[in-house]
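Following the numbering used here, the numbering of the sequence shown begins with 2 at its first residue and continues without gaps.
Backbone N, C-alpha and C fix where the C-beta goes; we use that ideal spot for every residue, glycine too.
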Amino acid sequence: MAHDYAKRFFVAMLLPTKVDFSLDEDGIRRFTRYFLNSPFASRGGLIVNPEAGEVFYMSGEEKQRAIEIVLEEVDRKLPVFAGVYAPTTSELVESTRDAKDLGVDGIFVIPPGGAMDITYNWDPLRYPDVWLDQIKAQDRSVNLPILTHPIGPPSPKYGIGLPAETAVHICNAVPNIIGWKMTYSYDGYRRIARALRDSRPEVGLMGAAAHFFHENLASSQMDGTVCGAWCYALEPMLAHIEAWESGDLKKANAIWEGGLRQLQEWVYDEWGRLHIRYRLASWLRGLVDNPSMRPPLPSPTQVEVTACLELLHRAGLSVREDLDEQLLRFGWTVPASGM
């Protein structure tokens, strides 16, 4: 049976920043309270410093401060996991210990970065230890529940996720892994789900690609989530899942086809724009004050702004009250429709 945490809807939280890209501490508090003060809180969880939260571009001090702020606001009302990334394994282990010392409930592990040998050219099927050795070092240092971010070189069979054999091998080697983030193409998702259900049924299938959630729920292949789409579409996403759980397929279909599907398919249409669009949609809704992520990540385009606004409206999601003023402030034009 899956761990209780693996049945929760974890948000891969964005990082609220000011226009100069320094931490927006008040913004982090407001964003955390948005989740905390919602019906989502009884079923949710927060991941601070994930990829969507710009962990690759944060200093050690910023990472710790972001964790501190979220933990202060949450005050044990829902679980908080910390994404942990560093260029070397020794630094990573130190950062992992720091996160535990601050009081997180678990860690969100991320594959190593840097040299092409362990990134774009890595063969995870033949050399799973490239990441497994790092996870083991983190696990030994803190002994906390683990959620994974299993990104690897793209493949026709799995998309950007790691192969089934690697997933099972890593889960077998690290019993503290309670949930596997499903970072896969649709066919890859099905393969991984079946492999883990057969070999490690206690490891939760954590839905990630929100444009697949309708099908994932229909096939009972989603136990919880690790997903950034909660940052901008919490209300219809929660209603959609609850409709499925209550057996109300008519309602679930109505929500899905009432704009939620179209929004999610647009956000996930280009993997190279995914987190940029998370950020844009959350900013348009008034949940963060800076529409851009830290360079070298690019800012949204006018085309994306216009499309996202239309899709948010179609999904019945509110946008910020000062929309026109803020669009002009950041160099975009107000859509002719007056959205």
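One or two residues paired with residue i in a DSSP bridge
i	result
Trp181	Thr149 and Leu206
Gly45	Phe10
Ser220	Per DSSP, none; premise fails for Ser220.
Thr167	In the DSSP output, where bridge partners are listed per residue, Thr167 has none listed.
Ala83	Val49 and Ile108
Gly160	Ser156
Asp143	In the sequence as presented, Asp is not what sits at residue 143; that position holds Val. According to DSSP, Val143 bridges with nothing at all.
Leu24	Thr18
Thr226	Phe10 and Gly208
Integer-rounded CB distance, given that residue j should sit under 8 Å from residue i
i	j	result
Pro301	Leu281	4 Å
His212	Tyr269	5 Å
Pro146	His241	About 27 Å separates the two Cβ atoms, so there is no contact after all.
Val131	Pro113	7 Å
Leu206	Ala194	5 Å
Leu16	Gly45	Actually they are not in contact, since the Cβ atoms of Leu16 and Gly45 sit about 18 Å apart, beyond 8 Å.
Asp29	Val71	According to the sequence provided, residue 29 is Ile. The question's Asp does not apply to it. Between Val71 and Ile29 the Cβ distance is about 7 Å, and since that is below 8 Å, they are a contact.
Sequence-distant residues of the same chain with beta carbon closer than 7 Å to residue i, five excluded per side
i	result
Leu235	Ser39 and Phe41
Met294	Glu55, His276, Ile277 and Arg280
Gln135	Thr90, Leu93 and Pro113
Thr97	Val85, Ile108, Gln139, Ser142 and Val143
Ala100	Ile68, Ala83, Val85 and Ile108
Gly189	Lys158, Tyr159, Gly160 and Gly162
Lys252	Ala244
Tyr121	Pro154
Pro299	Ile277
Exposure label - residue i; buried when at least 16 CB within 10 Å
i	result
Arg34	exposed
Val306	buried
Gly339	At Gly339 the pLDDT is 48, less than 50, meaning the model places this residue with poor confidence and gives no usable figure here.
Leu93	buried
Lys158	exposed
Glu55	buried
Ser283	buried
Gln265	buried
Gln303	exposed
Arg286	buried
Asp224	buried
Asp25	buried
Pro292	buried
6 Å CB neighbourhood of residue i in its chain, flanking five on each side removed
i	result
Asn144	none
Leu163	Pro125, Pro151 and Gly153
Asp140	Val175 and Asn177
Leu328	Val335
Tyr341	Since the displayed the chain opens at 2 and closes at 340, residue 341 lies outside it and no answer follows.
Residues near residue i by beta carbon distance below 8 Å, same chain, minus five either side
i	result
Val204	Ala3, Ala7, Cys172, Ile178, Ile179, Gly180, Trp181 and Leu197
Val75	Thr33, Leu37, Leu47 and Val81
Arg262	His212 and His215
Ala316	Ala234, Pro237, Gly259, Gly260, Leu261, Gln263 and Leu264
Leu133	His170, Ile171, Ala174 and Val175
Tell me the start and end of each unbroken alpha helix (DSSP H) in the segment 282-317 that is at least 4 residues and wholly inside, in chain order. Runs of the alpha helix (DSSP H) inside the segment 282-317: 303-315.
Where are the beta strand (DSSP E) runs, 3 residues long or more, that stay fully inside the segment 91-137, in chain order? 107-110
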